[in-house]
Each structure stands twice: as structure tokens, then as C-alpha cells.
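Before any comments, here is the structure.
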Ligand code: AVJ
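Residue numbers (the UniProt record's numbering): 3 to 328.
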């Protein structure tokens with residue numbers, strides 16, 4: 003199929019230097035083809051993820067929300083030290099709906115802390131910087147837009163306070179197990195003695211429950227994946243025909259890996275910037291992993307990456323855990 007590309011509206015000189023462009027070309031010229039799920043979150047992707055969180059099948063947000071609303075005191079007790087000021091850093095803060103329950107509890111209890119949300123999305127950081135001082139009067143907030151470790155280093159250069167790093171929503175699941183472990187080790191290396199982390203992980207459960215969350219009846223997960231193709235079209239002057247791709251999700255209860263793919267419905271050529279990418283019919287693009295763990299595997303990961311597991315807080319169904327490590 004031929005599409006009418008609109009590359010004239012894009013200055014390719016700047017685009018080819020762009021990290022997004024490099025990552026997309028790299029992924030689409032690899033075998034098998036892949037794209038990075040961290041790029042799902044443009045303004046449209048943020049909105050689609052909001053829709054996902056509101057859809058019946060997508061349970062992780064509700065589970066962690068239950069932990070943050072009904073076990074707030076426990077979480078606060080675990081992370082509050084001797085009363086000295088500390089920095090509460092959140093990696094991938096999103097709209098901070100979960101953490102705001104903890105923030106509100108800490109403020110009410112006159113805890114001395116500064117909230118430093120870090121997110122790849124500039125929309126998200128602007129939103130938090132503007133709305134949180136209104137919804138949570140008295141909050142000290144410094145939003146940081148960028149990659150996690152760049153911004154973590156920046157946070158450490160701004161303040162020498164003890165750090166508590168939150169990594170919620172099972173965002174850790176968007177890495178394969180060995181990468182997640184490496185990520186935790188790097189996190190540990192960026193922290194000091196006495197610093198803590200609060201990691202949210204989605205737990206292994208009935209495989210049908212997991213699969214349904216990533217294969218919803220309403221097709222929001224499909225749109226969420228397809229939106230990355232639309233983003234590539236718009237931002238990188240590509241000509242994906244989004245109707246020629248379908249979404250496929252699978253969950254392996256043995257490994258705990260839940261993976262999403264986009265399947266090419268036809269033999270087709272897609273132009274991305276200066277590159278032509280050929281697809282076989284039925285060829286897949288590997289889009290995302292959402293890894294599930296047992297509670298023990300979460301503690302093992304802590305230990306293997308140089309942390310000490312301190313405590314674990316579960317929702318009522320034991321579908322999700324917020325683990326505290328030192
Ligand atoms: C935001 C990474 C936690 O993997 O469950 C939701 C993203 N992908 N549905 C997840 C997502 C498909 C989500 N995280």
C-alpha cells in the first residue's frame with residue numbers, strides 16, 4: 003500500500019540527530035523488530051494510559067491505589083526517618099494520584115520533605131508543578147523532566163538530604179528481569195547509606211486476569227500501542243498505515259512475562275525519515291514487556307542488586323506489592 007508522506011513539514015536535519023529517531027530506526031532495523039515502550043507517552047499516549055487505568059480489566063492501578071489509600075500510615079512509617087528533612091523522589095510520577103495520598107498524609111503529619119517527581123513527559127511535569135501546590139497546600143515540589151538517572155543525579159546535586167525513591171505502578175515491569183536487576187543496581191549506586199526505595203511490582207496471579215489487562219475488550223491497549231506508530235508518523239515524518247497493524251498480547255505464567263506486539267497485516271514498506279523499512283505479512287514488532295513477579299522474587303531482586311528488603315505492603319487480593327528496600 004502506498005501512503006502520502008508529509009515529510010516536507012519536518013526538518014530532517016534536526017530529526018536525524020534526535021534520540022527518538024535513532025532509537026526508532028535502530029529498533030525497526032533490528033531483527034526481530036522492536037520499539038521502546040517508554041515512547042508510548044506523548045500527550046495522546048498519556049491520555050490513552052488514563053483511559054486504560056479506568057478500564058475494567060486493567061487492575062494494577064486500582065490495586066496499588068488501594069495500598070496507598072488504606073495502608074498510608076504503614077508506608078509513611080516505613081519511609082520517615084528520625085524527623086530530619088528528606089527528599090521524596092518519584093521516578094515516572096505520571097499524574098501522581100497514588101503518591102498524592104502519601105504526600106497528603108506526610109503534610110498532615112508535619113513531615114519535613116521535598117517532593118521531586120521525575121518523568122519523561124514534559125506535560126506531566128508541568129501539570130504536577132502547577133496542580134500539586136493547589137491540591138496539596140504547603141507541599142515543597144521540584145518537578146524534573148528527563149531520563150530517570152540523569153534527573154536522579156540532578157536531584158542529588160540540588161540537595162544532600164536523605165533520599166527515598168519511589169518507583170511505582172509496576173514501571174519496573176517494563177524491563178526484562180535482568181535489565182530490571184541492572185536498573186536496581188544502578189539505582190543503588192546512585193544512592194547513599196540510609197537512602198530507601200519504595201518499589202511497586204505487579205504479582206503473578208491467574209494468567210487469564212493478567213492477559214485480560216493487556217488485551218482489553220474495548221481495544222484501548224491496542225490503541226495505546228498503535229499510538230506509537232501515529233507518534234512516529236507525526237514527529238519523524240513516517241508513513242505507517244496504522245490500519246495495517248494489529249495488536250497481539252501474550253502472558254507466560256512460567257516466566258511471568260506479559261508481552262505486547264504489533265503484527266503487520268500485509269507485506270508493506272514504511273518510510274521513516276531517510277530509511278525504508280520493509281515488513282513481511284505477519285511480521286511482528288515487539289512493543290512492550292510487563293513483567294510479573296512473586297513477592298519472593300521481588301525480595302531476591304533487592305538482594306541481588308545490593309539492597310536489603312525492609313518490608314512489603316500488599317493489597318487485599320495480594321495482586322500487587324509495594325516493597326520497601328534500604
Ligand atoms: C505503566 C508500565 C505500568 O506495563 O502495566 C498498560 C503500561 N501497558 N497497559 C504496564 C501498560 C499496557 C503499564 N505501566
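Using N, Cα and C, we set each Cβ at its ideal position, and we do this for glycine too.
beta-carbon residue i near the ligand AVJ non-hydrogen atom, thresh 8 Å
i: residue 1; result: A query on residue 1 cannot be resolved here, the shown segment of the chain reaching from 3 to 328 and no further.
i: residue 101; result: no
i: residue 175; result: yes
i: residue 54; result: yes
i: residue 151; result: no
i: residue 220; result: no
i: residue 171; result: yes
i: residue 223; result: yes
i: residue 48; result: no
i: residue 135; result: no
i: residue 215; result: yes
i: residue 60; result: yes
i: residue 226; result: yes
i: residue 51; result: yes
i: residue 254; result: no
i: residue 324; result: no
i: residue 204; result: yes
i: residue 39; result: yes
i: residue 262; result: yes
Proximity below 9 Å, CB of residue i to CB of residue j
i: residue 229; j: residue 47; result: yes
i: residue 272; j: residue 31; result: no
i: residue 172; j: residue 43; result: no
i: residue 249; j: residue 275; result: no
i: residue 318; j: residue 68; result: yes
i: residue 300; j: residue 201; result: yes
i: residue 209; j: residue 263; result: no
i: residue 87; j: residue 120; result: no
i: residue 179; j: residue 303; result: yes
i: residue 211; j: residue 61; result: yes
Sequence-distant residues of the same chain with beta carbon closer than 7 Å to residue i, five excluded per side
i: residue 82; result: 113
i: residue 308; result: 187, 190
i: residue 74; result: 103, 104, 107
i: residue 34; result: 286, 288
i: residue 26; result: 37, 234, 238, 274
i: residue 176; result: 39, 290, 291, 292
i: residue 296; result: 205, 206
Nearest-angstrom beta carbon gap, residue j and residue i [assumed within contact, 8 Å]
i: residue 322; j: residue 65; result: 4 Å
i: residue 138; j: residue 102; result: 6 Å
i: residue 315; j: residue 110; result: Wrong, their Cβ atoms sit about 19 Å apart, outside the cutoff.
i: residue 291; j: residue 325; result: No, residue 291 and residue 325 are not in contact; Cβ-Cβ is about 19 Å, not under 8 Å.
i: residue 146; j: residue 104; result: So it is not a contact: roughly 19 Å between Cβ atoms.
i: residue 37; j: residue 226; result: Contact flag wrong, Cβ pair sits at about 12 Å.
i: residue 218; j: residue 59; result: 4 Å
i: residue 100; j: residue 170; result: 6 Å
i: residue 203; j: residue 160; result: In fact, because the Cβ distance is near 28 Å, the residues do not count as touching under 8 Å.
i: residue 2; j: residue 251; result: Nothing can be reported for residue 2, as the shown portion of the chain is limited to 3 through 328.
6 Å CB neighbourhood of residue i in its chain, flanking five on each side removed
i: residue 223; result: 216
i: residue 199; result: 167, 327
i: residue 268; result: 246, 283
i: residue 333; result: Not covered by the structure: residue 333. The range shown for the chain is 3 to 328.
i: residue 134; result: 141, 143
i: residue 320; result: none
i: residue 13; result: Any answer about residue 13 is weak, because its pLDDT of 45 lies below 50 and its placement is not dependable; what the coordinates show is given next. Nothing listed; no residue qualifies.
i: residue 20; result: none
i: residue 90; result: 115, 117, 166
i: residue 63; result: 55
Contacts around residue i, its chain only, beta-carbon distance under 8 Å, and the 5 residues preceding and following it disregarded
i: residue 106; result: 138
i: residue 192; result: 151, 154, 155, 158
i: residue 97; result: 52, 126, 129, 130
i: residue 22; result: 41, 237, 238
i: residue 232; result: 46, 242, 244
i: residue 148; result: 120, 122, 156
i: residue 78; result: 104, 107, 108, 111, 113
Any chain C beta carbon closer than 9 Å to residue i
i: residue 266; result: In summary, chain C is missing from the structure at hand, where a single protein chain is found.
Heavy atom of the ligand MN within 8 Å of residue i beta-carbon
i: residue 42; result: As presented, the structure is devoid of the ligand MN, carrying the ligand AVJ as its sole ligands.
Inset, instruction - Could you tell me whether the region 79 to 94 touches the region 161 to 169, where touching means 3 or more Cβ pairs closer than 8 Å? - result: yes
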